[in-house]
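Sequence lines, in order, name chains A and B. Residues 652 to 764, numbered by the working numbering, are exactly what the first sequence covers, in order. Residues 1481 to 1594, numbered by the working numbering, are exactly what the second sequence covers, in order. Ideal placement from N, C-alpha and C gives every residue a C-beta, glycine not left out.
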Amino acid sequence: DTGVSQDPRHKITKRGQNVTFRCDPISEHNRLYWYRQTLGQGPEFLTYFQNEAQLEKSRLLSDRFSAERPKGSFSTLEIQRTEQGDSAMYLCASSSDGIRGQYFGPGTRLTVT
Amino acid sequence: GDSVTQMEGPVTLSEEAFLTINCTYTATGYPSLFWYVQYPGEGLQLLLKATKADDKGSNKGFEATYRKETTSFHLEKGSVQVSDSAVYFCAPAAGGTSYGKLTFGQGTILTVHP
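Here is the structure:
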């Protein structure tokens, strides 16, 4: 069990550019979640997958955001036309069910200049 | 939707002091309840959990009891250490179609001095 991994760990981009983040969950976990955390706040839910199906998206997830989980393994989160307000830590978590808890990756810190 | 209210911080204690961080929540049904901890420069770690009313979750000397009647899940530790300095988050997990989705409180910063 190598834990949840995320790549890249840090991303600096200019406003208007597109960025893509990757998350590799714990191998036997079928649920995968994306959250966003800004400084001094708790994480906020963005979206979640059960296997390859995206089952819920938060209202926080504007049309500029899209997430995929092909084949139910790794997941990608893409932000198009980035804005300064997108600057945050993007966290990925995985779990085997809904009641035992989620295991978080180290996060990708996005800075939009 | 679900919501969480945590005790405001920061909380500053001396080593070996007793710790309580209050957490109350609103949620549909009877969610599982979690405490997560974020040490400086590290990611979120699951600290403890409780899945039904009156369950007590415990780990590393920390405890929390699922109180359905008061919708609370207060975190306690009898004797804190400097290494417990971190940010603590309370989070219920949604049921139904949002199964497992966590709603986090704003976090409570704990600083323990020697």
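query	result
Strictly below 9 Å CB to CB, what residues from chain A border B/S1531?	Here residue 1531 of chain B is Thr; the residue named in the question, Ser, does not match the sequence. Ordered by position in chain A, the residues that pass the 9 Å Cβ test against B/T1531 are I750 and R751.
Helix, strand or coil for B/V1517 per DSSP?	strand
Note down, in chain order, each residue of its chain lying with its Cβ closer than 8 Å to the Cβ of A/P721, except the 5 sequence neighbours on either side.	E703
Are three or more beta carbon pairs between the stretch 1500-1514 of chain B and the stretch 1557-1575 of chain B nearer than 8 Å?	yes
Taking the alpha carbon of A/S717 as the point to measure from, which residue in A/G693, A/G723, A/L697 and A/T764 has its own alpha carbon closest?	A/L697
Using the C-alpha atoms, what's the distance from B/S1494 back to A/L690?	26 Å
Excluding five sequence neighbours on each side, which residues of the same chain lie with their C-beta closer than 7 Å to the C-beta of B/Y1546?	L1513, A1530, K1532, A1533, D1534, D1535 and F1553
Quick check on A/R682: buried or exposed, where buried means 16 or more other Cβ atoms within 10 Å of its Cβ?	buried
Applying the 10 Å Cβ sphere with the 16-neighbour rule, what's the burial state of A/V655?	buried
Could you check whether the Cβ of B/Q1518 sits closer than 7 Å to any Cβ belonging to chain A?	no
A/S746 touches chain B at which residues, Cβ-Cβ below 7 Å?	G1580
Looking only at its chain, what residues have a beta carbon closer than 8 Å to the beta carbon of A/D748, apart from the 5 residues adjacent to it on each side?	R682
So, does the CB of B/S1512 fall closer than 7 Å to a CB anywhere in chain A?	yes
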